[in-house]
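One structure is given here, and the rest of the page talks about it.
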Amino acid sequence: MDRPSLCRVVQHLRRCGCDGVIALGAIAEPFTLSPRERSDVVRTIATAADGAPVVGAVLGLDSDRFAVDFDALEPSARVVLDAVMIPVTTPDPNSLRSAIARAGDVSGLPVFLQDLPRFSGVHVGHADLIEAVSASPSCIAVKCEAPPTYERIGLLAAHTEAALISGFGGLGVVDDVIAGASSVAIGSTVTRAVVDATRLALAGRYDDASTVIGTVAARIHFETQPGANVAIRKRHWERAGVIDTHVVRAPTLPFRSEFEKHSAVHAPGVPQQGLSL
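Using our numbering, the first residue of the sequence shown is number -8, and each one after it goes up by one.
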């Protein structure tokens, strides 16, 4: 495991204005890591984050196994977490409410809910999601990545108290903020631009925010398409000298030689202050 590279990426995130870090998210190859490595990742991120909140993703799709998956983290890793994030694993509101409660009870931490059907394969209706979140005091945030995201966010904003997080690399952050999102999880390497656009949108300067996102939209699109997106992002960090290699672990798809011409256009000389995890 490349701890120095991981530290450098997290430090860049913080310098670019990120207020917290999600550890072991879906783009971080979590299912290729051993329990010991996952614990090491969490500790490394928490140290590099230097006091910023760290949310630990526990993304197993069997909610009944949450306790097993969470307890697989070593105590020294669990203690540095400020919240846990779980996926939507069922379309049934009562079962989803139970899963949220279980995560909160077992971890003793607030819960973020990741609504990402592309990852989980689970599609939950608007009303059922609202019902589950409204009845779950431990659920303090929803990471909204079920398209159309702005529609889901608008309904959740009107009917729940949860903080709403935009996703998908920041590409839709302007519309998501208009709808009621208060933050964004930046799954792309254009951190500074997305941070700036988010702050502009939150200030009501939507045209300016759209202009900023427009300057990096093509790169976000390239980096967030299903497939080799993890390796593509890692290649951009490698080109900038922030990580040592873009190699990924199987079954994560590798960076192929034909991608290099795209990478050279989108990230010809990626400034280090523009990196993201």
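For every residue, glycine included, the Cβ atom is placed at its ideal position computed from N, Cα and C.
All values derive from a computational prediction rather than experimental measurement.
The beta carbon of H253 is closer than 7 Å to those of F213 in its chain, skipping five residues each way along the sequence.
Residue pairing by DSSP places A40 in no beta bridge whatsoever. Per DSSP, P78 is one residue of the beta strand (DSSP E) stretching across A74 to P78. Cβ contact annotation for V71 (same chain, cutoff 7 Å, sequence separation greater than five): V33, R34, A37 and V45, in chain order. Per the DSSP secondary-structure output, D235 pairs with nothing in a beta bridge. Annotated three-state conformation of V165 is helix, per DSSP. D55 carries a helical assignment under DSSP once its states are collapsed to helix, strand and coil.
Considering only A170, H114, R196 and I204, the residue with the shortest C-alpha distance to I177 is I204. In the DSSP assignment, S86 falls within the unbroken alpha helix (DSSP H) covering P84 to S98. Just measuring C-alpha positions, the residue of H227, N220, A231 and R247 sitting nearest E20 is N220. V70: not part of any alpha helix (DSSP H); DSSP gives it neither H nor E. A distance below 8 Å separates the beta carbons of L15 and G47.
Annotation for G47: the continuous beta strand (DSSP E) segment containing it runs V45 to A48. Counted as a single uninterrupted DSSP element, the alpha helix (DSSP H) harbouring I121 occupies residues H117 to S125. Look at D106 here: in three-state DSSP terms it is strand. With three or more CB-CB distances shorter than 8 Å, the region 137 to 154 counts as touching the region 168 to 186.
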